[in-house]
Amino acid sequence: MSQYDVHRGENPRVLFFFWIVVLASLTLIVGLGWRQLVADKKYQEIEKRQTERRILKPGPRGDIYDRKGNLLVGNRPHYSAVVYLDDLRREFRSEYSKIIRAERERLIQAYERAPEAEREGTAPPNPNYNELQWVARQNVIQLYIDQINRITSRDDTISTRKIIRHFNEQLLLPLVLVEDLTPDQYARLIEQVPVQSPIQIHTDTARYYPYGVAAAHTLGYVQNVNPDPDVIPSDGIKTYTFKTKRGKTGIERSFDELLSGLTGWEMWRVDPLGFQDSLLDHKTPKKGQDLVTSIDIDLQLAAETALGDRTGAAIALDVRTGEVLTIASHPSYDLNDLSPFIPRKTFDEINERGAWLNRTLQLSYPPGSTFKLITSIAGMRNGNIHAQTIHDCQGVFRLGNRIFRCHARYGHGAVDLAAAIEGSCNVFYYAEGLQMGIDVLSAEAKRFGLDERTGIEVPYETSRLVVPTKDWKRETVGAGWVPGDTANTAIGQGFLLATPLQMATVIASIARGETRTRPTLRALTGEEAQQLDHGGEPMGLTLSQRAELWEGMERVVGPNGTGRLVQIDGLRIAGKTGTADFRAHGQEVNLAWFIGFAPVENPQIAVAVMVEGTRASDSYHGGSTAGPVAKDIFLEFIKQYPERAGFPVAE
Amino acid sequence: MAKFRLDRIKPLVALAAFLAAWWIVPATVKSFLKVSFAEFQAPAWVATSYLDDLEGFWARRSHSKVELIEAGREVARAKSLYQFNAQRKETLENEISRLEAILNLPSRREFRYEVARVVRRDLNAWWQHIIVRKGKDYQIPEGAAVVFAGGVVGRVVEVNAFTSRVELITSPNFRMAANFEGDERPVIYQGLAQGGFGQPIGTVRDAPQDVVASRQAPLRLVSTRLGGTFPPGLMIGRVPWLEPGSTGIFQAGKVELDPRLLSLNEVAVLIPLYPIDLETTDAP
Numbered sequence: 001m002s003q004y005d006v007h008r009g010e011n012p013r014v015l016f017f018f019w020i021v022v023l024a025s026l027t028l029i030v031g032l033g034w035r036q037l038v039a040d041k042k043y044q045e046i047e048k049r050q051t052e053r054r055i056l057k058p059g060p061r062g063d064i065y066d067r068k069g070n071l072l073v074g075n076r077p078h079y080s081a082v083v084y085l086d087d088l089r090r091e092f093r094s095e096y097s098k099i100i101r102a103e104r105e106r107l108i109q110a111y112e113r114a115p116e117a118e119r120e121g122t123a124p125p126n127p128n129y130n131e132l133q134w135v136a137r138q139n140v141i142q143l144y145i146d147q148i149n150r151i152t153s154r155d156d157t158i159s160t161r162k163i164i165r166h167f168n169e170q171l172l173l174p175l176v177l178v179e180d181l182t183p184d185q186y187a188r189l190i191e192q193v194p195v196q197s198p199i200q201i202h203t204d205t206a207r208y209y210p211y212g213v214a215a216a217h218t219l220g221y222v223q224n225v226n227p228d229p230d231v232i233p234s235d236g237i238k239t240y241t242f243k244t245k246r247g248k249t250g251i252e253r254s255f256d257e258l259l260s261g262l263t264g265w266e267m268w269r270v271d272p273l274g275f276q277d278s279l280l281d282h283k284t285p286k287k288g289q290d291l292v293t294s295i296d297i298d299l300q301l302a303a304e305t306a307l308g309d310r311t312g313a314a315i316a317l318d319v320r321t322g323e324v325l326t327i328a329s330h331p332s333y334d335l336n337d338l339s340p341f342i343p344r345k346t347f348d349e350i351n352e353r354g355a356w357l358n359r360t361l362q363l364s365y366p367p368g369s370t371f372k373l374i375t376s377i378a379g380m381r382n383g384n385i386h387a388q389t390i391h392d393c394q395g396v397f398r399l400g401n402r403i404f405r406c407h408a409r410y411g412h413g414a415v416d417l418a419a420a421i422e423g424s425c426n427v428f429y430y431a432e433g434l435q436m437g438i439d440v441l442s443a444e445a446k447r448f449g450l451d452e453r454t455g456i457e458v459p460y461e462t463s464r465l466v467v468p469t470k471d472w473k474r475e476t477v478g479a480g481w482v483p484g485d486t487a488n489t490a491i492g493q494g495f496l497l498a499t500p501l502q503m504a505t506v507i508a509s510i511a512r513g514e515t516r517t518r519p520t521l522r523a524l525t526g527e528e529a530q531q532l533d534h535g536g537e538p539m540g541l542t543l544s545q546r547a548e549l550w551e552g553m554e555r556v557v558g559p560n561g562t563g564r565l566v567q568i569d570g571l572r573i574a575g576k577t578g579t580a581d582f583r584a585h586g587q588e589v590n591l592a593w594f595i596g597f598a599p600v601e602n603p604q605i606a607v608a609v610m611v612e613g614t615r616a617s618d619s620y621h622g623g624s625t626a627g628p629v630a631k632d633i634f635l636e637f638i639k640q641y642p643e644r645a646g647f648p649v650a651e
Numbered sequence: 652m653a654k655f656r657l658d659r660i661k662p663l664v665a666l667a668a669f670l671a672a673w674w675i676v677p678a679t680v681k682s683f684l685k686v687s688f689a690e691f692q693a694p695a696w697v698a699t700s701y702l703d704d705l706e707g708f709w710a711r712r713s714h715s716k717v718e719l720i721e722a723g724r725e726v727a728r729a730k731s732l733y734q735f736n737a738q739r740k741e742t743l744e745n746e747i748s749r750l751e752a753i754l755n756l757p758s759r760r761e762f763r764y765e766v767a768r769v770v771r772r773d774l775n776a777w778w779q780h781i782i783v784r785k786g787k788d789y790q791i792p793e794g795a796a797v798v799f800a801g802g803v804v805g806r807v808v809e810v811n812a813f814t815s816r817v818e819l820i821t822s823p824n825f826r827m828a829a830n831f832e833g834d835e836r837p838v839i840y841q842g843l844a845q846g847g848f849g850q851p852i853g854t855v856r857d858a859p860q861d862v863v864a865s866r867q868a869p870l871r872l873v874s875t876r877l878g879g880t881f882p883p884g885l886m887i888g889r890v891p892w893l894e895p896g897s898t899g900i901f902q903a904g905k906v907e908l909d910p911r912l913l914s915l916n917e918v919a920v921l922i923p924l925y926p927i928d929l930e931t932t933d934a935p
């Protein structure tokens, strides 16, 4: 045997291992090639999902204007002091080491002090590392909050829960330390916090309402919510979102899509711990579209002032287009108190006053004598009421063994239609209502849309609208219809329920000689106004019938009419007052109504006012309570639109 | 093969040793050394400044008598104008105080001023400082506002025995609350890294969207009282344009500052007469 082994290339044992190595290498190379060249997209996607994060930034909402361009709802700056947790990582570590050292020492001392028999285990216990980590983070963050508190004289703190939630859910977003800074506090922080400090001033927007309580229910308010899941791209990249504002009530809700801004985004590369590393790309958010409403803020303010502290509603419509010029509901609330969020105390206070309810369209009331206009039209169309129709009112109307009273204790005497409207004679309408019957009355009320929502662009319009019929009573009350029900319905009492907005559409329709008015809160362009279709039909009265009706309505606002307090020199107003009994707050209260339009020769504005008594002692009447409110609206209309009111215009 | 000589890298080793030592030195020692260094340099700067003043004095002495008489007259005219303005100011202040008393308004924050010569200008892309010739000897406080005839100069950031360092309004580390003249809403002004010898500039942000600026009608950016450091209405600069900021909510733009800021000789330090006590500001 030779001293050295001679290597032979053909050694089968070596060859075997050689081929194994070759095969393994080939497998690796093919695998690598497959992953690099064929499956690269998949791995890019995985890498992207692991290292990229998206932040969605909702755009600010659009502004809302009145028809003359006055800002009704805008955006005001909403200042907060924030920190990006990424900037505090070194401080977290330092504080954590300090706390851990202190805790270890404490545990060792406690262990050594304890008698041997009571010791658990052979060494001091370990600190709760996880808990101490959160304590360290809270300590550091609270230090910055204390600095802010010193500068702004506030007294804010932060809870560990909030920090944990932020770490888990919104790590890439700034952590809000102090919210809703006043301009004064904001300015002090800007000047007294060094530029290099991790504390940053974050400026967002909150809704701002220059006119406070004016049209509060109609304009509505917004709520900060998480964006819809639909806006988050489904590409698997983890996405963080700032809260967005969504319309909760009023126009803010109805036109939410239009007003909402376009969401922008930032794409960040993050490190293995999830903190931001570098900004990869971004898209700037865009403001939502502005909305021009039909409201005239001067008329609105006039209505709000006239209503004062009383409970009620006032609406003014453009007779031709149905545009809402004024829509006020009282009691109201200052929308600025609800922005950027509704404090619990404010919510409770508004709730206690019953001010959340929009009385123009969320509550329905008996329309009282204002309904006599519908009864009159029904009677004339049915042939019951004509120029020679006269009833002798002695103050009472006997129906079977029931006595129905007129509000004039000693009666109106002999009254025709115009006089009955002028004096709001109940006896005339009891008699006429019974003659035409409930079917005719109900049909006429339905023709004017009193059983349907108006369709205005404000949510939560009530569906509790009642135009009673025999079937309705049988189904709802479980009793048969009696003649007394017809008598009550004829004067707008009984089961009838309508909203003030509906009554405004009724009077606007009568002013135009039609049966329907479609109210809108959008300021219509000339072209839109031309193409307008209110969806009704002609009222169906002859010229003489219409003249008779209008004469009565004009006499209401004449020297002897029930609405004489509405009279304005130089402006011909046609209207109808109403005083209804209503059960609310567990007691019988008065409702005062006035509906009317002007000028009679060329109707431009239709007004409906309802004032609701809140105590049994409130003695409200249509002419003396609701009338003056309407008068103030008419006066402001003359001031703002003298030409349309038929008044001379200064050159 | 040449023998490796350790003495050749001695300077590098020394530098490394110094940096390592500096790294482990406690922050208080570093701060002490920094202040000592500034105090050590200060006499040289102050002396240079006095020499400059002396040079100016002798340069003026070299003028002819006629020129000096004319200059003297100019000074007398200027003096009388300033005296008149001072009287007018006093009358207006009395009137304002009277009206404030009638309306029961809180009194304005008042300042006394210390005029100080600029002894050194340290202007570059990273920082923008000036050193003024008054310090603790004149009770100059840190954070005090510094102004000149053209408006805001900056804020005192360091006070030494006889000098103070002022962070200029042009510095990227300078930030203050401001507002556009005639508009009470606060905005943020911040300095910007300066490009060179051109006009100094800064930035403004958080400007409301309804504010419109144009080259033809630039907006005047002035100080606001809200921040508590500056009296209201001091000129900061002009804003020739604004554009939507990155948030899409507010506008941002450049602020053109007074070019004289880069060649200041004299400034006034505004010292609050009643410094804000942060702990008691919410007291009635």
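Protein chains in written order, with the numbering used here: chain F, 1 to 651; chain V, 652 to 935.
The beta carbon of each residue, even a glycine, is placed where N, CA and C say it ideally should be.
Since this is a predicted model, take the numbers as computed values, not measurements.
Going by beta carbons, E444 of chain F and I374 of chain F fall inside the 8 Å limit.
For the region 328 to 396 of chain F, the continuous alpha helix (DSSP H) assignments of 4+ residues that do not extend past its boundaries occur at 344 to 353, 372 to 382, in sequence order. For E765 of chain V, the enclosing beta strand (DSSP E) has its first and last residue at 762 to 774. Within 10 angstroms of the beta-carbon of K98 of chain F lie fewer than 16 other beta-carbons, which makes it exposed.
Cβ neighbours of P340 of chain F within its own chain (closer than 6 Å, five residues either side excluded): H78, A206. In the same chain as Y208 of chain F, and ignoring 5 residues on each side of it, the C-beta atoms closer than 8 Å to its own belong to V73, G74, N75, R76, N336, S339, in chain order. Not one beta carbon of chain F lies nearer than 8 Å to the beta carbon of T699 of chain V.
If you draw a 10 Å sphere on the C-beta of T311 of chain F, you find 16 or more other C-beta atoms in it, and that means buried. Boundaries of the beta strand (DSSP E) around E179 of chain F: 175 to 181. T614 of chain F has its alpha-carbon roughly 8 Å from the corresponding atom of N590 of chain F. Across the set F:L541, F:V83, F:I108, the C-alpha of F:V83 shows the shortest separation from the C-alpha of R137 of chain F.
Between Y43 of chain F and R54 of chain F the beta-carbon gap is near 20 Å, outside 8 Å, which marks them as no contact. In this structure, V890 of chain V places its C-beta atom within 8 Å of the C-beta atom of L870 of chain V.
A606 of chain F and T462 of chain F have their C-alpha atoms roughly 22 Å apart. Here the alpha carbon of I720 of chain V sits roughly 10 Å from the alpha carbon of V726 of chain V. By the C-beta criterion, the region 630 to 649 of chain F is judged not to be in contact with the region 389 to 399 of chain F, since fewer than 3 inter-stretch pairs fall below 8 Å. For L877 of chain V, the closest Cβ of chain F is nearer than 8 Å. Collapsing the DSSP output to three states places P500 of chain F in a helix. With the criterion set as a beta carbon lying under 7 Å from some beta carbon of chain V, the members of the region 171 to 189 of chain F are P183, D184, Y186, A187, R188, in sequence order. Rounded to whole angstroms, the Cβ separation of R246 of chain F and V225 of chain F is 5 Å, and the two are in contact under 8 Å. Here P694 of chain V is exposed, its C-beta having fewer than 16 other C-beta atoms within 10 Å.
Along the region 186 to 210 of chain F, going in chain order, the ones with a CB nearer than 8 Å to a CB of chain V are Y186, A187, R188, I190, E191, Q192, P194, V195, Q196, I201, T203, D204, T205. Membership of T241 of chain F in the beta strand (DSSP E) is indicated by the continuous run 238 to 241. The beta carbons of I820 of chain V and L750 of chain V sit no closer together than 8 Å. What P77 of chain F touches in chain V, judged by beta-carbon distance under 9 Å, is R836, P837, D857, P859, I900, F901, going in chain order.
Any Cβ of chain F closer than 8 Å to the Cβ of T821 of chain V would place that residue at the interface, and such an atom is absent.
Counting only Cβ-Cβ distances below 8 Å, R826 of chain V has contacts in chain F at I190, E191, V195, in chain order. Residue pairing by DSSP puts I595 of chain F in a beta bridge opposite F:K576, F:A608. One Cα belongs to R253 of chain F, the other to T525 of chain F, and the distance between them is close to 22 Å. Taking the Cβ atoms as the reference, Q738 of chain V lies roughly 40 Å from Q845 of chain V, outside the contact range of under 8 Å. Per DSSP, the unbroken beta strand (DSSP E) holding W268 of chain F starts and ends at 264 to 270. Among the residues of the region 726 to 756 of chain V, none has a Cβ less than 9 Å away from any Cβ of chain F. Fewer than three pairs of CB atoms, one per stretch, sit closer than 8 Å, so the region 507 to 520 of chain F makes no contact with the region 348 to 358 of chain F. Beta-bridge partners of E894 of chain V (DSSP): V:A903.
DSSP places T311 of chain F in the uninterrupted beta strand (DSSP E) bounded by 311 to 318. If you draw a straight line from the Cα of F634 of chain F to the Cα of T577 of chain F, it comes to about 15 Å.
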